[in-house]
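Peer 1: Numbering (UniProt numbering), first residue to last: 1 to 265.
1. Thinking just about the alpha-carbon of each residue, which of 185, 240, 92, 254 is nearest to the one in residue 25?
2. Under DSSP, the alpha helix (DSSP H) around residue 219 begins and ends at which residues?
3. Is it the case that the Cβ atoms of residue 230 and residue 202 are separated by a distance below 8 Å?
4. Does the separation of the CB atoms of residue 44 and residue 70 fall below 8 Å?
5. Could you name the residues of the same chain whose beta carbon sits closer than 7 Å to that of residue 226, not counting the 5 residues immediately before and after it, in chain order?
6. What are the start and end residues of the beta strand (DSSP E) that includes residue 49?
7. Measure from the alpha carbon of residue 10 to the alpha carbon of each residue in 104, 253, 42, then state which is nearest.
8. Starting from residue 31, follow its DSSP beta bridges and name the residues at the other end.
9. Label residue 259 either buried or exposed according to how many other C-beta atoms from any shown protein chain fall within 10 Å of its C-beta, with 16 as the threshold for buried.
10. Pick helix, strand or coil for residue 161, following the three-state DSSP scheme.
11. Does DSSP put residue 246 in a helix, in a strand, or in coil?
12. Could you say which of 198, 171, 99 lies nearest to residue 36 if we only look at CA atoms?
13. Evaluate residue 214 with the Cβ neighbour count: other Cβ atoms within 10 Å of its Cβ, from every protein chain shown; 16 or more gives buried, anything less gives exposed.
14. Just reading off the alpha helix (DSSP H) that residue 75 is part of, what are its end residues?
15. So, is residue 211 buried or exposed, given that buried needs 16 or more other C-beta atoms within 10 angstroms?
16. In three-state terms, what does DSSP make of residue 115?
17. Alpha carbons only, please: which of 67, 193, 137, 81 is nearest the one belonging to residue 167?
Written as structure tokens, this is what we have:
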């Protein structure tokens, strides 16, 4: 086995997937090579665990759980993990956050984007910087952005903008280049790829997998992302979750992994 990614949960169900599998808006992937098994995100609830059981997968012996960021559709399933699970994430993972709208200078909360999780039950490994996991995996840590975009606000009275600084990605170093696994891509696909290249010293991108946050992107943004990916020439491009049908329409030769699918690299 080289690299295998099993889609435990995604917004849609894969073609030919078992009828017992549940699709939910969110993402959860089981990422494995010969020596390391990583659960990447948990979706919004315990559906990822139910799907794993239906797929004949035992999650009790994963090497680590990696949480891409603190939005409910990526870490809402954490309470279903066994106590003392090893979780790797940014220290801001549990900050309260909301979608918001500003009108006439007044900012109003619209929807809560975080979730209440008792992280004291787990072996937490908080890090702002890159962290090796096993022989071939790296947690990216914070992804630098020159002019970060706000995707809501933090809880509190000062309406502090939330640019999802806690977002990180999982990197797999393969013989063919980097495999980059994203949760939502809030920090921007180009910024994510460049950061992964910088911390690994590897320029070749073999595959990009996960959410690219393009479902509501402007044509100009999509054109820039398309141009960037054409320059990078990844061999495989697998956009799901928040990539959206609109985002995939602009990206050449992209596939859309869904619940129950198995990807091999």
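The beta-carbon is built from N, C-alpha and C at its ideal position, and this holds for glycine as well.
Peer 2: Taking the geometry as given:
1. Looking at 185, 240, 92, 254, the one whose alpha-carbon comes closest to that of residue 25 is 240.
2. Taken as a continuous stretch (DSSP letters only), the alpha helix (DSSP H) holding residue 219 covers 219 to 232.
3. Their beta carbons are not under 8 Å apart, which means residue 230 does not touch residue 202 by this criterion.
4. No, the pair does not count as a contact, with Cβ atoms beyond the cut-off.
5. Cβ neighbours of residue 226 beyond the five flanking positions: 250, 251.
6. Segment 47 to 54 is the alpha helix (DSSP H) holding residue 49; no beta strand (DSSP E) there.
7. The residue with the shortest Cα to Cα distance from residue 10 is 42.
8. Paired residue(s): 5, 38.
9. Buried, since its Cβ has 16 or more Cβ neighbours within 10 Å.
10. In the structure shown, residue 161 adopts extended strand secondary structure according to DSSP, grouped into three states.
11. Residue 246: helix per DSSP, three-state reduction.
12. Per the Cα distances, 171.
13. Residue environment for residue 214: buried (at least 16 other C-beta atoms within 10 angstroms of its C-beta).
14. That run of the alpha helix (DSSP H) goes 72 to 75.
15. The residue is buried, with at least 16 neighbouring Cβ atoms inside 10 Å.
16. It is coil, neither helix nor strand.
17. Per the C-alpha coordinates, the member of 67, 193, 137, 81 positioned closest to residue 167 is 67.
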